[in-house]
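For reference, the structure is listed below as structure tokens.
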Amino acid sequence: MNYKNAKDILPPELLKEIQNYVQGERIYIPQLENVRTTWGKKSGTREEITFRNNEILNKYKEGSTMDELAELFCLSNESIRKIIYNQTKGKNNKDKEGE
Numbered sequence: 800m801n802y803k804n805a806k807d808i809l810p811p812e813l814l815k816e817i818q819n820y821v822q823g824e825r826i827y828i829p830q831l832e833n834v835r836t837t838w839g840k841k842s843g844t845r846e847e848i849t850f851r852n853n854e855i856l857n858k859y860k861e862g863s864t865m866d867e868l869a870e871l872f873c874l875s876n877e878s879i880r881k882i883i884y885n886q887t888k889g890k891n892n893k894d895k896e897g898e
């Protein structure tokens with residue numbers, strides 16, 4: 800998250816109004832609801848996790864055990880189990896929608 804000096808971006812009247820509430824502190828101004836992006840979308844993390852989860856499911860279908868996958872992807876067995884369950888559930892729902 801980048802910080803900007805309010806003096807550089809806000810009109811003087813608005814800056815004075817904000818100073819009635821807070822001075823010399825950092826404040827977070829959230830984005831509008833209709834402008835918000837989902838977690839990880841901007842940084843690409845969401846795509847990386849989706850790719851990793853697909854890899855886990857493919858390797859599981861090819862015969863890798865949950866223990867092997869946990870070791871390979873540095874995750875707990877419980878995390879591997881959840882990923883496989885969620886990936887399988889998601890694929891089943893997509894298959895049903897296509898019928």
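Note that this note's numbering gives residue 844 to position 45 of the sequence shown, counting from 1, and the numbers run on in steps of one.
Even glycine gets a Cβ: it sits at the ideal position worked out from N, Cα and C.
Helix, strand or coil for residue i, going by three-state DSSP, please let me know.
i: residue 831; result: coil
i: residue 898; result: Low confidence applies to residue 898: its pLDDT is 49, below 50, so where it sits in the model is not reliable, and the reading given next is rough at best. Of the three classes helix, strand and coil, the one that applies to residue 898 here is coil, per DSSP.
i: residue 878; result: helix
i: residue 802; result: coil
i: residue 889; result: helix
i: residue 852; result: helix
i: residue 820; result: coil
i: residue 809; result: coil
i: residue 860; result: helix
i: residue 844; result: helix
i: residue 826; result: coil
Quick check: residue i and residue j, are their CB atoms within less than 8 Å of each other?
i: residue 876; j: residue 865; result: yes
i: residue 855; j: residue 828; result: no
i: residue 851; j: residue 872; result: yes
i: residue 859; j: residue 826; result: no
Report, in whole angstroms, the separation of the C-beta atoms of residue i and residue j, which I expect to be a contact under 8 Å.
i: residue 813; j: residue 806; result: Incorrect: roughly 11 Å between the Cβ atoms, too far for contact.
i: residue 839; j: residue 848; result: 7 Å
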